[in-house]
Structure formats: structure tokens, C-alpha cells
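Everything below concerns the one structure shown next.
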Ligand code: AR6
């Protein structure tokens, strides 16, 4: 499935380029130094402009599993939430917990800022090498878990860059919703 409802929040899966999404916040798959780098982060910094990099430099080091918020600069989104996912080291170095924590920290920041909508990329599954299927399971379970508690978020989206990643997220969402009905 591509859409479900958790409490009062709509949860959607879409294919596309997250830099074009006009939600209150888009999430960046960042590194601990909040340097632009490549992947989705490079694309967000290029599209959003230097103001994002300047704010990132002021914030400085952000540990793996945590997130920080900046303006969206020239992006259609108002804010960028920079979430630091883990580098995949085989799976027994705490990667699932750290990835879950990166999603939770982002959602918490969005609620603290009174935001209504947030869009996530598939954190850690590019340059950081986290295999897509287990990462999708952590991402979807963590977001659904969070949305079961009180939140002001009305719309949460996963914006997957490739058709293959979208298909994987769809399969995982089907399974998670079957096992833990929303
Ligand atoms: N929109 C949506 N998703 C995208 C986009 C886009 N425009 N571009 C890439 N993706 P990655 P990571 C997908 O490598 O693994 C950077 O250098 C991509 O296909 O961006 O967490 C940072 O600075 C993949 O599915 O992030 C860090 O140093 C997903 O986004 C490091 O890479 C995440 O891939 C973070 O690595």
C-alpha cells in the first residue's frame, strides 16, 4: 500500500525528488559534521542555498541518531531537519537503534516547532550502505510507533528516489500494517 492513517495522521509513500516537496519540513540524510556531502544532502544544499550551510556550521557536530533543524532557504519546504543516520557496519553495531533514533529525533523536532507536515528520504540507505529492506522496516515501524502517541503532525511522507526503493517500502508497509494494524 502507498497510504495509511495512523491516529489522525496520514502516512504516505511517494516516489520523487525530496528537494521539490513543499512540506513544512523535509529531512536531510546528514553526516555528523552537517557538511553538505553528496546524495540527498548535496541536492538539498544545492537547491536550498548557502544559508542552510551557514546555519549548519553554526550548529556544528550532531551525533549519530540525533537531528538538528535549519531554515529551508530557497527550497519549497520551510525547514530542513538534518538527521544523522548510522553508517552500516554489518548490523550488530547498534545500527537499527541509531536509525530509529534519527527518525524519532526528526519527528520530535517537527512537533516542537509546531509543524504539520514532514517528508523523509530513506536515511542511511545510500552512501551509508544500510540495506534497503531492514532500513525500510525500521523507518516505517518507528514512524508508526511515534504517530500512535500525541502529535500535531497531519501528514508524514517517505519520498523514495527510485521505483525499486518505493516498491520495497510498499511491501514493508503492507507487512507492518498487517502485523500491527494502525
Ligand atoms: N530525493 C530523495 N531521495 C534521494 C535524493 C533526492 N533528491 N537523492 C538521493 N536520494 P544518501 P546516506 C536517496 O547517500 O546513505 C551524504 O554525503 C538515495 O537514493 O543521500 O544517509 C551526507 O552528507 C538513498 O535512497 O544518504 C552523508 O555524509 C537515500 O536518499 C552521507 O551521504 C539516502 O542516500 C549520508 O548517507
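Residue numbers (the working numbering): -18 to 163.
In this text, a Cβ means the ideal position worked out from N, Cα and C, and glycines have one as well.
Computed from a predicted structure; not experimentally measured.
Which complete alpha helix (DSSP H) runs does the segment 10 to 62 hold, if anything under 4 residues is left out?
20 to 29, 31 to 40
Given 8 Å, three or more beta-carbon pairs between the segment 36 to 45 and the segment 18 to 25
no
Check whether the segment 129 to 142 touches the segment 90 to 101, taking contact to mean three or more Cβ pairs, one atom from each stretch, closer than 8 Å.
Yes, the segment 129 to 142 touches the segment 90 to 101.
How about residue 115 and residue 140: are their beta carbons less than 8 Å apart?
no
Determine the closest residue to residue 61 out of 81, 9, 40, 92, with distance taken between C-alpha atoms.
9
Can the beta-carbon of residue 30 be found less than 8 Å from the beta-carbon of residue 54?
yes
According to DSSP, simplified to helix, strand and coil, what is residue 123?
helix
Would you tell me roughly how many angstroms separate the C-alpha atoms of residue 143 and residue -3, rounded to the nearest one?
7 Å
Residues bridged to residue 159 [DSSP beta-bridge criterion]
Answer is none; residue 159 lacks a bridge partner.
Return helix, strand or coil for residue 1, following the three-state DSSP convention.
helix
By Cβ distance, which residues of its chain are closer than 6 Å to residue -9, with the 5 residues on each side in sequence left out?
136
For residue 56 versus residue 7, is the C-beta spacing smaller than 8 Å?
yes
In chain order, what are the residue ranges of uninterrupted beta strand (DSSP E) at least 3 long that sit wholly in the segment 104 to 153?
Within the segment 104 to 153, the complete beta strand (DSSP E) runs of at least 3 residues are 136 to 141.
Of the listed residues 148, 152, 123, nearest to residue -13 (C-alpha basis):
123
According to DSSP, what are the bridge partners of residue 99?
According to DSSP, residue 99 shares a beta bridge with 6, 137.
By a C-beta neighbour count over all protein chains shown, 10 Å radius and 16 as the cutoff for buried, is residue 156 buried or exposed?
exposed
Let me know if residue 76 comes out buried or exposed under the rule of 16 or more other beta-carbons within 10 Å of its beta-carbon.
buried
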